[in-house]
Amino acid sequence: MSKAKGTTLVALVKFLRSQRERALAALPPSLHAYLDERIQASSWYPEADLLSLIRVMVAMIPGRRDAVLAQLGVALARCSKCATTRSRRPKCAGFSPAISARVCGSGPQPTCAS
208 MSKAKGTTLV ALVKFLRSQR ERALAALPPS LHAYLDERIQ ASSWYPEADL LSLIRVMVAM
268 IPGRRDAVLA QLGVALARCS KCATTRSRRP KCAGFSPAIS ARVCGSGPQP TCAS
């Protein structure tokens with residue numbers, strides 16, 4: 208079974224937690240724990256769970272699916288780089304407001320993985 212590093216899940220789970228009721232309705236019960244438990248950046252999680260979280264998140268963001276996925280990929284790559292290099296949160300310039308506000312966050316935060 209393929210695995211995904213915890214750093215990959217952090218931003219997704221943060222978004223889903225911010226939309227908790229909608230996320231609970233859309234997620235299968237087996238994934239509800241992600242909304243309550245801390246995601247360990249250094250741990251490995253089932254890739255199937257990551258893909259399900261992505262599908263739910265994409266369904267919750269308005270816009271064309273392919274455009275949302277493309278912008279989401281860039282935003283998550285930046286957050287992943289930020290988390291692994293411990294650098295400051297990158298600016299989300301160039302992303303649609305829907306992606307930057309939902310994935311990158313709107314308030315000051317020390318890192319993408321915090």
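When we follow the working numbering, the leftmost residue of the sequence shown carries the number 208, and every step to the right adds one.
From the three backbone atoms N, C-alpha and C, an ideal C-beta is built for every residue, glycine too.
Where residue i falls, given that 16 or more other Cβ within 10 Å makes a residue buried
{"i": "Asp256", "result": "buried"}
{"i": "Gln247", "result": "exposed"}
{"i": "Arg272", "result": "exposed"}
{"i": "Met264", "result": "buried"}
{"i": "Ala274", "result": "exposed"}
{"i": "Thr292", "result": "Its pLDDT being 48, under 50, Thr292 is placed unreliably in this model, and the coordinates cannot settle the point."}
Beta-carbon contacts of residue i that lie in its chain and below 7 Å, excluding the five residues immediately before and after
{"i": "Ser294", "result": "Confidence is the limiting factor: at Ser294 the pLDDT is only 46, short of 50, which leaves the residue's position unreliable, though a coordinate-based value still follows. Closer than 7 Å at Cβ, skipping near neighbours: no residue."}
{"i": "Ser209", "result": "Glu254"}
{"i": "Gln226", "result": "Met267"}
Among the options, nearest to residue i - alpha-carbon criterion
{"i": "Ala230", "options": "Ala211, Ser209, Met208 and Ile268", "result": "Ile268"}
{"i": "Ser259", "options": "Pro235, Lys221 and Glu244", "result": "Pro235"}
{"i": "Lys221", "options": "Ser237, Ile261 and Ser250", "result": "Ile261"}
Between the CA atoms of residue j and residue i - distance to the nearest angstrom
{"i": "Tyr252", "j": "Ala211", "result": "5 Å"}
{"i": "Arg245", "j": "Leu219", "result": "13 Å"}
{"i": "Glu228", "j": "Leu279", "result": "21 Å"}
{"i": "Leu276", "j": "Ser250", "result": "24 Å"}
Proximity below 7 Å, CB of residue i to CB of residue j
{"i": "Arg224", "j": "Leu242", "result": "yes"}
Sequence-distant residues of its chain with Cβ nearer than 8 Å to residue i (five each side left out)
{"i": "Ala233", "result": "Val263, Ala266 and Met267"}
{"i": "Ala240", "result": "none"}
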